[in-house]
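FYI, the numbering for the sequence shown is -18 to -1, 1 to 345, going by mature numbering (1 follows the signal peptide of the UniProt record, and there is no 0).
Below is one structure, written out as structure tokens; comments come after it.
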Amino acid sequence: MKKFLALALALVMVFALAACGEPATEETTPATEPAGEETTPAGEETTPAEGDTILVGFAQVGHESDWRTASTQSAYDVFNADNGYEMVFVDADQDVQKQIEALRNFIQQGVDYIILDPIQATGWDQVLTECEEAGIPVIIIDRTVDDSDKYISWVGSDFTTEGVAAGEWLKAYAEAKNIEELNILVIEGSVGASATLGRTEGFKQVADREGWNIIASQSGDFTEAGGQEVMESYCQSYAGQFNVVICQNDNEAYGAITAMDNAGVTYGVDGDVILVSFDAAKTALGLVQEGKLNACFECNPLAAPFVDEDVIQVMEAGGTPEKEIYMTETWFVAEDILESITVNGEEMPLVQVTDEVLAGRAY
């Protein structure tokens, strides 16, 4: 698909989309950003430079976590002029309607491809139909869409398997440590997000099978502040009643650590509470190495290279990409008492975090 064809289609779509209102006028920044710096302010977007390149629109969830920052930086690292791309970037700041508006604006701007990391799993069929009618392929990354199949490929992680892996590790770890009773508190991610749904379901499969006591499960919205707020409430309501805390991302774990420190609750390898998180950002793996986190289950944020190589370049060459593309991930632990766990019938290695492991992390 060439840029001039997409632009022609966009002129037609302007009239068809008039009922949706005029696109918002926002501040812009260059489409290439240096690694390690803020990409764009929350809720703002970049605009493309002129040229006969592949034009990509990316509607990001927001900037709520270290994982999300790495995901965004990955897109800037790949979809830039050096690689033959221009990127229009929108940080939706956790606003579903802003993401939908972004997709409609991408149509009007005549992008060649749209990348969407959906804030929630439903509510997408209408706008994805509009993208399809405009002839613009949509690539879903990270979270999933449950109410539409009008996208070319999904690139991401198996969230349910992540949840199962956390459960299977906890079972094996408790047995190795001779811990007979598990009383568990869960800090969930954003309500309705597929990562939340998958990790909750996967962990619950093991918990139900083993008869564990899940005392409470509440959303921390994938943020450090949310994790701290929920954990503070847990420490007050369930003092002395729990010995496991499952945080559905690293930032929630950071907040939970602060709350437990303030409440005098010990955690980690030498503490009274087993603490587990998901994502495996470099900062979190440092906490694993220190023994403050017992285990951390990776959710790879670097989807952009897979989108480039396995989807866009395949389509540019006239091929058809796979509908689902799973990224490789690792399960990290603080201690070497277990070498592997069995997840869905498959033996998977556990990686103890060392200086060498940390040095090899890109995010």
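Glycine residues also receive a C-beta, built at the ideal position from the N, C-alpha and C atoms.
If you're wondering where the values come from, they're calculated on a predicted model, not measured in any experiment.
In DSSP terms, what residue i is bridged to
i, result
"Y95", "V38"
"F260", "F279"
"V325", "E328"
"M69", "V38"
"Q334", "V315"
Pair within 8 Å by beta-carbon distance, residue i and residue j
i, j, result
"N231", "S259", "yes"
"V325", "V333", "no"
"F71", "Q90", "no"
"D128", "T104", "yes"
"G39", "I122", "no"
"M309", "P303", "no"
"A74", "I101", "yes"
"G345", "A57", "Looking at the sequence provided, one finds Tyr at residue 345 rather than Gly. Contact flag unset, no."
"E291", "T312", "no"
"V270", "A316", "yes"
"I323", "A154", "yes"
"G237", "G273", "no"
Option nearest residue i by Cα separation, candidates the options
i, options, result
"Q76", "L332, D99, R86 and N87", "D99"
"residue 346", "M242, M69, K264 and W136", "Any answer about residue 346 is impossible in this case: the structure gives the chain only from -18 up to 345."
"V335", "E321, E328 and G327", "E321"
"W106", "N244, K159, Y220 and I82", "I82"
"Q218", "G193, W194 and A245", "A245"
Buried or exposed by the 16-neighbour rule on C-beta atoms within 10 Å, applied to residue i
i, result
"Q55", "buried"
"R343", "exposed"
"Q108", "exposed"
"P12", "With a pLDDT of 33 at P12, under the threshold of 50, the modelled position of that residue is not reliable, and no figure is offered here."
"D248", "Reading the sequence as shown, one finds Thr at residue 248 and not Asp. Its Cβ having fewer than 16 others within 10 Å, T248 is exposed."
"Q223", "exposed"
"E329", "exposed"
"P331", "exposed"
"T111", "exposed"
"A158", "exposed"
"D34", "exposed"
"G327", "exposed"
Distance cut-off 7 Å: residue i Cβ against heavy atoms of the ligand PLP
i, result
"S322", "Of the ligands one can find in the structure shown there are none, so the ligand PLP has no counterpart to examine."
Could you say if the segment 205 to 223 and the segment 146 to 157 meet the contact criterion of at least three C-beta pairs nearer than 8 Å? no
Touch check for the segment 151 to 168 and the segment 214 to 229: three-plus C-beta pairs under 8 Å? yes
Can at least three beta-carbon pairs, one atom from the segment 129 to 139 and one from the segment 286 to 300, be found at a separation below 8 Å? yes
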